[in-house]
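**Student:** Just so you know, we're using my numbering here: the sequence shown kicks off at 14 and counts up by one.
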Amino acid sequence: MHNVEKFLIFCSGAYLPLVRRCPASINRFIGIGTTVLFTAIFAGLSVGYALSTVFTSFWVILVIALIWALMIFNLDRYIVSTIKKQDQFFPEFKQALPRLVLALLIALVIAKPLELRIFEKEINRELDEQRLATIETSREKIAEGYPEINDLESKIEGLRAGIAAKEDFRNQKQKEYDQERFGVKTEGTTGLAGIGVNAEKKEKQLDQAEQDYQYTQKLNEGRIQDLEAEIRRINVLKEQEFQNQMVSLDAYDGLAARLQTFRDLTLKNTAIYWANWMIIFLFIMIEMAPILVKLMGSRGPYDQLLDFHEAGIVLAGEEQWYKKTKEGQLRREVFDELYPRKKSQRIAGETIW
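1) For Ala212 versus Tyr190, is the C-beta distance shorter than 8 Å?
2) Nearest by alpha-carbon distance to Ala242: which of Thr48, Leu165 and Phe275 is it?
3) Let me know if Lys125 comes out buried or exposed under the rule of 16 or more other beta-carbons within 10 Å of its beta-carbon.
4) Under the rule that 16 or more other beta-carbon atoms within 10 Å means buried, what is Val114, buried or exposed?
5) Taking Pro303 and Val17 to be in contact with their CB atoms under 8 Å, please state how far apart those CB atoms are, rounded to whole angstroms.
6) Starting from Val74, trace the alpha helix (DSSP H) in both directions and tell me its first and last residue.
7) For Ser151 versus Gln221, is the C-beta distance shorter than 8 Å?
8) Cα-Cα, which of Leu172, Arg246, Met84 and Met298 is closest to Glu161?
9) If you follow the alpha helix (DSSP H) that Ile22 is part of, which residue opens it and which one closes it?
10) What span of residues does the alpha helix (DSSP H) with Tyr190 cover, start to end?
11) Whole-angstrom Cβ separation of Leu127 and Tyr62, contact assumed at under 8 Å?
12) Considering only C-alpha positions, which residue in the set Val249, Leu295, Ile169 and Leu250 is nearest to Asp239?
13) Report yes or no: do the segment 38 to 54 and the segment 290 to 302 share at least 3 C-beta pairs separated by less than 8 Å?
14) Quick one: any contact between the segment 272 to 279 and the segment 133 to 143, if contact means 3 or more CB pairs under 8 Å?
15) Do Val60 and Glu77 have their beta-carbon atoms positioned less than 8 Å apart in this structure?
16) Among Leu75, Ala53, Pro30 and Ile96, whose alpha-carbon lies nearest the alpha-carbon of Gln108?
17) Among residues of its own chain, excluding the 5 on either side of His15, which ones have a beta-carbon nearer than 6 Å to its beta-carbon?
18) So Ile297 and Leu58 are supposed to be a Cβ contact under 8 Å. How far apart are they, rounded?
19) For the pair the segment 221 to 233 and the segment 177 to 184, tell me if three or more CB-CB distances fall below 8 Å.
20) Leaving out five residues on either side along the sequence, give the residues of the same chain with a beta carbon under 6 Å from the beta carbon of Lys337.
21) To the nearest angstrom, how far is the alpha carbon of Glu234 from that of Gln192?
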């Protein structure tokens, strides 16, 4: 028997000297030990991934994952080693039931982080969609907190509309003046070409409209610049508030967020829902496999030798206790014979007590 087999038998919780005397049971205990060992490895990987969403230091994650794996290994080994075959189903099942419940809880704890790792791409995509929706919602809420921007933009539109109206009026006067000069007959022109009285009147109206347009444009452009500067100032405040919210939003990628996102995915996607349950059942079976193997197996030579070995230890302890008791009684009788006065005092003291 080489060292690997010895280690796997140790993992199964069996007593190696007794297993050596039962060659037919070696493979069974190697299989149980291998299952216990791989369960501990899966537990370490599982908690390692879970910790990677919390810590950034590799060594911190490694140390905690090793401690967790050793704890699960010791717990599984204890659960398997305490089940004894009695060739009676109900007493054995009653003995194994609390251990099966504990194995179920361990399997659920181990399976969940590994599920998050298996469906990491889908979870990341769902997190991105939720993040974009949250960003859009945040921008809308921030914008609702600054209604003055809409008022300022309305004023800017009004000022530009005023400039456009003056420009249109100036263009209209330019058109009428040109029609009067070139003899184009309309309701407002004489139809006589040349610079006459009406043409001079049209020219004065054009000059007045141009001056009015230039004045309005200069005045409104200055007001527009002031309003736009105010809008930029408010937008800076909005952006600062948005960035403050983004700091907490970027941190929304922890274990709890991924668990919630994975739950949402299982509710929306039937394939992921059933895959999730299949993975959970797989880990439950892996965790319960050593216990079920012991329950389904028949009582073998190892179980008999173990009972004999434990009974021998109990018997040896009872013999030692019997011997010590007899020796104590013998010493008391000898002492009483040698010192009868002491015996009377001792009996009197015991009576008073």
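Every residue, glycine too, gets a C-beta built ideally from N, C-alpha and C.
**Tutor:** In short, the structure shows the following:
1) The count along the sequence shown starts at 1 and reaches residue 212 at position 199. The count along the sequence shown starts at 1 and reaches residue 190 at position 177. Result yes, Cβ atoms of Ala212 and Tyr190 sit closer than 8 Å.
2) The residue given as residue 242 occupies position 229 in the sequence shown. Selected option, being the one with the closest Cα: Leu165.
3) Position 112 of the sequence shown holds residue 125. Counting Cβ neighbours within 10 Å, Lys125 comes out buried, since at least 16 surround it.
4) Looking up residue 114 in the sequence shown gives position 101. Exposed, by the Cβ-count rule.
5) Residue mapping note: residue 303 aligns to position 290 of the sequence shown, counting from 1. Residue mapping note: residue 17 aligns to position 4 of the sequence shown, counting from 1. 18 Å between Cβ atoms; not a contact.
6) As a position in the sequence shown, residue 74 is number 61, starting the count at 1. For clarity, residue 74 is Ile in the given sequence; the question names Val instead. Start and end: Phe71 to Ser94.
7) Numbered from 1 along the sequence shown, position 138 holds the residue referred to as residue 151. Numbered from 1 along the sequence shown, position 208 holds the residue referred to as residue 221. Contact flag unset, no.
8) Counting from one through the sequence shown, the residue named residue 161 turns up at place 148. Nearest of Leu172, Arg246, Met84 and Met298 to Glu161, Cα basis: Arg246.
9) Position 9 of the sequence shown holds residue 22. Where Ile22 is concerned, the enclosing alpha helix (DSSP H) stretches over Asn16 to Cys24.
10) Taking the first residue of the sequence shown as position 1, residue 190 is located at position 177. Where Tyr190 is concerned, the enclosing alpha helix (DSSP H) stretches over Glu161 to Arg194.
11) Translated into the one-based positions of the sequence shown, residue 127 becomes position 114. Translated into the one-based positions of the sequence shown, residue 62 becomes position 49. Yes, they are in contact, since the Cβ atoms of Leu127 and Tyr62 sit about 7 Å apart, within 8 Å.
12) For the purposes of this step, residue 239 is taken as the residue at position 226 of the sequence shown. The candidate whose alpha carbon is nearest that of Asp239 is Ile169.
13) yes
14) yes
15) If you number the sequence shown from 1, residue 77 lands on position 64. If you number the sequence shown from 1, residue 60 lands on position 47. First, the amino acid is wrong: residue 77 is Ile here, not Glu. Yes, they are a contact pair.
16) For the purposes of this step, residue 108 is taken as the residue at position 95 of the sequence shown. The shortest Cα separation from Gln108 among Leu75, Ala53, Pro30 and Ile96 belongs to Ile96.
17) In the sequence shown, the residue the question calls residue 15 occupies position 2. Nothing listed; no residue qualifies.
18) Translated into the one-based positions of the sequence shown, residue 297 becomes position 284. Translated into the one-based positions of the sequence shown, residue 58 becomes position 45. No, Ile297 and Leu58 are not in contact; Cβ-Cβ is about 17 Å, not under 8 Å.
19) yes
20) By 1-based counting over the sequence shown, the position of residue 337 is 324. None.
21) By one-based count along the sequence shown, residue 234 stands at place 221. By one-based count along the sequence shown, residue 192 stands at place 179. Each residue's alpha carbon lies about 31 Å from the other.
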